[in-house]
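Contents: one structure, followed by commentary.
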Amino acid sequence: MDFFFSAVASFWSDPTVRYVLICCLLLSLSSSLTGSFALLRGQALLGDALAHATLPGVCISFLLLAKKDMGLLLLGAFCSSALGMWLWHIVLRYSRLKSDTATAFILAFFFGIGTFLLTWIQGSGMSLQSGLHRFLFGSAASLVGDDVLIFVFTSVLSLLIIILFRRDFILLSFDPNFGRSIGFPIRVMDFILSTLLLISIVIGIQTVGIVLISAMLIIPPSVARFWTYRMGSFLLLSCFVGCFSTLCGVWLSYLGRGMPTGPWIVVTAGFLAFISFFLAPRKGILPRLWSNRRLKRRMRWENLLKVFYHLAERNEDFYSPRHWDTLVDSFTRGEFEGRSLHRKELCKLCLRGWLVENGKDLWSLSPEGKEQAYRIVRRHRLWELYLTEYMHFPIDQVHKNAESMEHLLSPELEARLDKKMGYPKRDPHQTRIPREGSSF
Amino acid sequence: MSLASSSSGSLSSVKVRHLSVLYDRNPVLWDIDFSLPQGELIGIIGPNGAGKSTLLKSLMGLVKGHSGELKILGHPLESVRNRLSYLPQRESVDWDFPISVWDVVMMGRYGKMGLLKRPKKVDRDKVEKYLGLVGLSDYSDRQIGRLSGGQQQRVFLARSLVQEADLYFMDEPFSGIDAQTERLIFEILKKLRSEGKTVVIVFHNLQTVSQHFPWIVLLNKRLIAYGRTEDVFTEANLRETYGGELSIFSDLRNKLRHQDLPNRYLFSS
């Protein structure tokens, strides 16, 4: 523990690390938020194209000034990226290119020009040119005190604007045509949101670089999308994921001296995305497999209870014990899906309190088990009746369908079916529909 | 073209002259001229691709490349926007969007709010009222993607109603819904009409048109007919609306698509 605290203390006391951390956190806040809206508007890749479109601007302003003034270089980056966005709009509006094609085109075209200029600068032997490369892959470690001011100013500004106008941006992203119909200034809002996106790209390229900045825009909201369906928590979670991966990235790169910060941030965020992909409730792979398994298990149990019901139906002896061989035989004749019956499953139903074990290889229904068996058979027969009477299915075809529907009908649906058909007593095969309290 | 005289001497709800819309040099609407009454349910009828949605959108000023004159409620469009309500097609938005039923319906109040769109109590009350009216009170917190098709359509309806407009444009509110929702929507429409509101609706079911709509507009890229349903809903008009494209007209359209003819030679207004 002491080691941990001293590690944190030395981490924080290093002024370079402190600058880097503050800048990266601010950057990840504004890029996660603007990225969230880009994702919602289906423009996930636009950020990537716009990031690549900054390179010509950086190079040109370096050529014009012949020195490295960070503010002016970033201004150049902003201008060429804005030009890229304007061209993207023009291409979309006046050509028949699809959005992804237009995006790829802008990316390649601008990056091509940028690479050409960069190579030319490097060959020209101008002094101080070496630093330009850091725009490509980013170099968070070189952030200094002055940079913090730029980061604080721009991030706080974008945060404020997004918080104030969040409803407008949500409307713009969700249903722009409806927005236009109420006279809402869609184009102005679009312009503001795009400018914010450009700003977070431009301040991000020094940190994580042109190539990776789109990850800062897209990964945090993608992770958030796995975990929530609410707008507020989506935006907050997106910010949290951005900040958390930034924290981890800066920390990891601090541990191994000379390790790059930007890539570590992106890799951490990527890990979070994969974890969400597997674990997120409802949308994740594992929970989906899990709920599938549970459904299958429930279906088997219900089928087993049905076997008990059918054995007892003729003689109305619901509580008399059944021998293992009888049960296996009936279960096989039921032609249920899945493997054959196993003793362990009967034991599990005993644990649930639906069955009682009466000596070796003998089992009987418990009162609760009988109720469950009633319920499942009732659903089966109600559904058969519904299919024949309302859907006009031939009577010999309803059994198969009811075999699966009986497991899916919720109590509410069952009640509605029952009411709609006037609480019928018999199914289409003229067998009795079992109900609690009714005896045979 | 059969022209019915306006039902009463009152102001017309929508009046267009020489309305034409081009998408990619392809005319979707061709020289439309009509005037619709106020306080009626008006159905817009026509085959797929007849430009029904485009007509509604151009009446709301949502499409580019249209020419012609437009008067809504006797005024230019922009000055009466807060008296209008537009219900888009259900397919026009992403239902996976992380937003709740309540928030979507609240958007209907945005037109009456300030720059920052802070809902006041009156806005919240109205949202609640109309959610109740369409039977979605219990779903207000739910993400919109987790509703059935009929419920999603009712969300849009509630958003439209909460605008409390004088003139409603509804684009296929009956597509993909259950019988219960259809009945509900018609009940609400009749109520709107009894309050003197005008509703213009893109409609598909020819069997029930005359039962529900006192007024109709028959459209197939050009205006076939408009007027009282009993006058206009005739076999001849229907054949003209649904009976395939006129050959000269479609030839001209193809020519247009392949040539760079300036629009002003095509549509003089």
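Line by line, the protein sequences are chains A and B.
First residue of the first sequence: 6, per this note's numbering; consecutive thereafter.
First residue of the second sequence: 17, per this note's numbering; consecutive thereafter.
Note that the Cβ used here is the ideal one computed from N, Cα and C, for glycine as well.
6 Å Cβ shell around Arg384 (chain A) - same chain, five flanking residues per side excluded
Indexing the first sequence from 1 puts residue 384 (chain A) at position 379. If we look at Arg384 (chain A) and ignore the five residues flanking it on each side, its Cβ neighbours are Glu411, Leu414 and Glu419.
Does Lys133 (chain B) have its Cβ less than 8 Å from a Cβ in chain A?
The residue you call residue 133 (chain B) lines up with position 117 of the second sequence. Contact with chain A is found for Lys133 (chain B), since one of that chain's Cβ atoms lies less than 8 Å from the residue's Cβ.
Could you tell me the alpha carbon to alpha carbon distance between Glu441 (chain A) and Gly374 (chain A), rounded to whole angstroms?
As a working note, residue 441 (chain A) is residue 436 in the first sequence. As a working note, residue 374 (chain A) is residue 369 in the first sequence. So the alpha carbons of these two residues sit roughly 12 Å apart.
Taking all protein chains shown into account, decide if Ser85 (chain A) is buried (16 or more other Cβ within 10 angstroms of its Cβ) or exposed.
Locating residue 85 (chain A) in the first sequence gives position 80, counting from the first residue. It is buried - the Cβ of Ser85 (chain A) has at least 16 other Cβ atoms within 10 Å.
For the beta strand (DSSP E) that Lys68 (chain B) lies in, which residues bound it at each end?
The count along the second sequence starts at 1 and reaches residue 68 (chain B) at position 52. Segment Lys68 to Leu75 is the alpha helix (DSSP H) holding Lys68 (chain B); no beta strand (DSSP E) there.
Using Cβ-Cβ distances below 8 Å, what residues of the stretch 185-219 of chain A are close to chain B?
Look at the stretch 185-219 of chain A: the residues with a C-beta under 8 Å from a C-beta of chain B are Arg185, Ser186, Ile187, Gly188 and Phe189.
Whole angstroms is fine: what's the gap from Thr233 (chain A)'s alpha carbon to Glu256 (chain B)'s?
Locating residue 233 (chain A) in the first sequence gives position 228, counting from the first residue. Locating residue 256 (chain B) in the second sequence gives position 240, counting from the first residue. Thr233 (chain A) and Glu256 (chain B) have their C-alpha atoms roughly 51 Å apart.
Count the C-beta pairs between the stretch 149-161 of chain A and the stretch 172-182 of chain A that are closer than 8 Å, then say yes if the count reaches three, no if not.
No: the two stretches stay apart, fewer than three of their Cβ pairs being nearer than 8 Å.
Cβ atoms of Leu103 (chain B) and Val216 (chain B): under 8 Å apart, would you say?
For the purposes of this step, residue 216 (chain B) is taken as residue 200 along the second sequence, with counting starting at 1. For the purposes of this step, residue 103 (chain B) is taken as residue 87 along the second sequence, with counting starting at 1. Judged by their CB atoms, Val216 (chain B) and Leu103 (chain B) are not nearer to each other than the 8 Å cut-off.
Kindly list the residues whose CB is nearer than 6 Å to the CB of Ser21 (chain B), restricted to its own chain and excluding five residues on each side of it in sequence; keep chain order.
Working through the second sequence from its first residue, we reach residue 21 (chain B) at position 5. In this prediction, Ser21 (chain B) scores a pLDDT of 42, lower than 50, which makes its location untrustworthy; the coordinate-derived value is nonetheless stated afterwards. None.
Please classify Asp432 (chain A) as buried or exposed, where buried requires at least 16 neighbouring CB atoms within 10 angstroms.
For the purposes of this step, residue 432 (chain A) is identified with residue 427 of the first sequence, where counting begins at 1. Under this definition Asp432 (chain A) is a buried residue.
Return the residues of the stretch 49-78 of chain B that lie within a Cβ-Cβ distance of less than 8 Å from chain C, sorted by chain order.
No chain C is present in this structure, whose protein chains are A and B.
For Trp111 (chain B), name the three-state secondary structure that DSSP assigns.
Within the second sequence, the letter at position 95 stands for residue 111 (chain B). Reduced to three states, the DSSP call for Trp111 (chain B) is coil.
Less than 8 Å between CB atoms is the rule here; does Pro230 (chain B) satisfy it with respect to chain A?
Translated into positions along the second sequence, residue 230 (chain B) becomes position 214. For Pro230 (chain B), no Cβ of chain A is located within less than 8 Å of the residue's own Cβ.
Just the C-alpha distance for Arg280 (chain B) and Ser95 (chain B), rounded to the nearest angstrom, thanks.
Here residue 280 (chain B) corresponds to residue number 264 of the second sequence, with the count starting at 1. Here residue 95 (chain B) corresponds to residue number 79 of the second sequence, with the count starting at 1. Only weak support is given to the placement of Arg280 (chain B): the predicted model assigns it a pLDDT of 48, under 50, and the value that follows is read from those uncertain coordinates. Rounded to the nearest whole angstrom, the C-alpha separation of Arg280 (chain B) and Ser95 (chain B) is 27 Å.
Whole angstroms are fine: how far does the CA of Gly188 (chain A) sit from the CA of Arg98 (chain A)?
Indexing the first sequence from 1 puts residue 98 (chain A) at position 93. Indexing the first sequence from 1 puts residue 188 (chain A) at position 183. When the Cα atoms are used, Arg98 (chain A) and Gly188 (chain A) turn out to be separated by approximately 22 Å.
Kindly list, in the order they appear in chain A, the residues whose Cβ is closer than 7 Å to that of Ile217 (chain B).
Position 201 of the second sequence, counted from the first residue, corresponds to residue 217 (chain B). The premise fails here: Ile217 (chain B) is roughly 15 Å from chain A at the closest Cβ pair, so nothing lies under 7 Å.
Using a 10 Å radius around the Cβ and a threshold of 16 neighbouring Cβ atoms, would you call Asn253 (chain B) buried or exposed?
On the second sequence, position 237 is the one that residue 253 (chain B) refers to. Burial call: buried.
Helix, strand or coil for Asn64 (chain B) per DSSP?
Locating residue 64 (chain B) in the second sequence gives position 48, where the first residue counts as 1. Looking at Asn64 (chain B) - three-state DSSP - the assignment turns out to be coil, as it is neither helix nor strand.
Residue-level contact to chain B via CB, Leu45 (chain A), 8 Å cutoff
Against the first sequence, residue 45 (chain A) aligns to sequence position 40. At a cut-off of 8 Å between beta carbons, Leu45 (chain A) contacts chain B.
Whose C-alpha, out of A:Leu55, A:Leu78 and A:Gln211, is nearest the C-alpha of Leu88 (chain A)?
Residue numbering aside, residue 88 (chain A) sits at position 83 when the first sequence is read from its first letter. Checking every option, the nearest Cα to that of Leu88 (chain A) belongs to A:Leu55.
Whose Cβ in chain A lies nearer than 8 Å to the Cβ of Gly127 (chain B)?
By one-based count along the second sequence, residue 127 (chain B) stands at place 111. Within 8 Å Cβ-Cβ: Ile187, Gly188 and Phe189.
Buried or exposed (CB count within 10 angstroms, at least 16 for buried), Val193 (chain A)
Against the first sequence, residue 193 (chain A) aligns to sequence position 188. Exposed.
Any C-beta of chain A under 8 Å from that of Arg280 (chain B)
One-based indexing of the second sequence puts residue 280 (chain B) at position 264. Low confidence applies here, because Arg280 (chain B) scores a pLDDT of 48, under 50, leaving its location unreliable; read the following figure in that light. It does not: the Cβ of Arg280 (chain B) has no partner Cβ on chain A nearer than 8 Å.
Output needed for His328 (chain A): all residues of its chain with C-beta closer than 7 Å, excluding positions within five of it in sequence on either side, in chain order.
By 1-based counting over the first sequence, the position of residue 328 (chain A) is 323. Beyond the five residues adjoining it in sequence on each side, His328 (chain A) comes within less than 7 Å, by CB distance, of Asp366 and Leu367 in the same chain, given in chain order.
By the three-class DSSP mapping on this structure, what secondary structure does Arg172 (chain A) have?
The residue you call residue 172 (chain A) lines up with position 167 of the first sequence. In the structure shown, Arg172 (chain A) sits in a helix (DSSP, three-state: H, G or I).
With a CB to CB cut of under 6 Å and the five nearest residues on each side skipped, what residues in its chain are close to Gln105 (chain B)?
Along the second sequence, one-based indexing puts residue 105 (chain B) at 89. Counting only Cβ-Cβ distances below 6 Å, and skipping sequence neighbours, we find Asp187 and Glu188.
Starting from Met236 (chain A), find everything on chain B with Cβ-Cβ shorter than 8 Å and list it in chain order.
Walking along the first sequence from the start, residue 236 (chain A) turns up at place 231. Result: Pro114, Ile115, Ser116 and Asp119.
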